[in-house]
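Residue numbers (the numbering used here), protein chains in the order written: chain A, 10 to 169; chain B, 44 to 149.
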């Protein structure tokens, strides 16, 4: 695959990548930086595979499949870097929390990221396992905890 | 018989959220779908849970990206791709194509 083809594949993902990065660090500049760092880490790790893989940009089905594959790969690196980074920003994040999303940003970073992968990007549990590199039972546990804590905030006494 | 029915209802009620989540196994999903098809009254409970989930989905932020940030990210992504993915030239023309792309991406 040529570099310009790879760019054409991943450029439309920038907005979605930013949204997921923002769930980890709710700051414009930091989220932008996280997307770029996640992409760089992915390129360094998968350089050979990317260059060896052929893509036919005329074939919409193939483009969709390859785009999703690279989307997951970049998200895996964003998750890896972002979770470590969000720990350093813990203190500052108390002031960064966007208005109206206080409950969401009180959840631990991995739970936030899992929730956003499931409910925003609509990834399956199996895909999330692969992205956040956790076994199935832990993904389910994170989804359950996130839902429970948000629902409790939304409606105290909820059974979710 | 009654006891058995209650047991079924409760068991499947607990599975509504995992079913909507997609976290049930293939066998459990087909078992659950079979149960719904034979218990139409169960649909109401599913709808109620769906509504609850919709409400808390609103608590997850969907960050809106500004045009400037989007352009900035795409420029940075382009630079990273052209810097970190170095292609091996396959021919003389390929060599110059790569050089030309490198120059344009600056």
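Quick reminder that beta carbons are idealized off the backbone N, C-alpha and C, glycines included.
Check: Given residue 162(A) as reference, the closest of 102(B), 146(B), 75(B) and 82(B) once Cα atoms are compared; Outcome: 102(B)
Check: Below-7 Å beta-carbon distance, residue 73(B) vs any chain A residue; Outcome: no
Check: Reduced DSSP category for residue 128(B) - H, G, I as helix; E, B as strand; rest coil; Outcome: coil
Check: Contacts around residue 71(A), its chain only, beta-carbon distance under 7 Å, and the 5 residues preceding and following it disregarded; Outcome: 64 and 65
Check: Collapsed DSSP secondary structure at residue 34(A) in the structure displayed; Outcome: coil
Check: Length of the line joining the Cα atoms of residue 118(B) and residue 53(B); Outcome: 54 Å
Check: Contact with chain B by residue 113(A), beta-carbon distance below 7 Å; Outcome: yes
Check: CA nearest to the CA of residue 53(A), picked from 140(B), 134(B), 125(B) and 141(B); Outcome: 125(B)
Check: Residues from the segment 111 to 133 of chain B in contact with chain A, defined by Cβ distance under 7 Å; Outcome: 112, 113, 115, 116, 117, 119, 120, 121, 123, 124, 125, 127, 128 and 130
Check: Among 28(A), 11(A), 14(A) and 16(A), nearest to residue 123(A) - alpha-carbon criterion; Outcome: 28(A)
Check: Beta-carbon proximity of residue 170(A) to residue 121(A), cut-off 7 Å; Outcome: In this structure chain A extends from 10 to 169, so residue 170(A) is not present and cannot be described.
Check: Runs of alpha helix (DSSP H) lying entirely within the segment 94 to 167 of chain A, each at least 4 residues, in chain order; Outcome: 99 to 105, 111 to 115, 118 to 128, 134 to 141 and 145 to 163
Check: Contacts of residue 107(A) in chain B (Cβ-Cβ under 7 Å); Outcome: 104
Check: Simplified DSSP state of residue 45(B), which is helix, strand or coil; Outcome: Bear in mind that a pLDDT of 49 at residue 45(B), under 50, signals an unreliable position, so the model cannot answer this.
Check: Reduced DSSP secondary structure (H/G/I, E/B, other) of residue 103(B); Outcome: coil
Check: Secondary structure of residue 82(A), DSSP reduced to three states; Outcome: helix
Check: Distance CB(residue 160(A))-CB(residue 99(B)) smaller than 7 Å; Outcome: yes
Check: Contact with chain A by residue 108(B), beta-carbon distance below 7 Å; Outcome: yes
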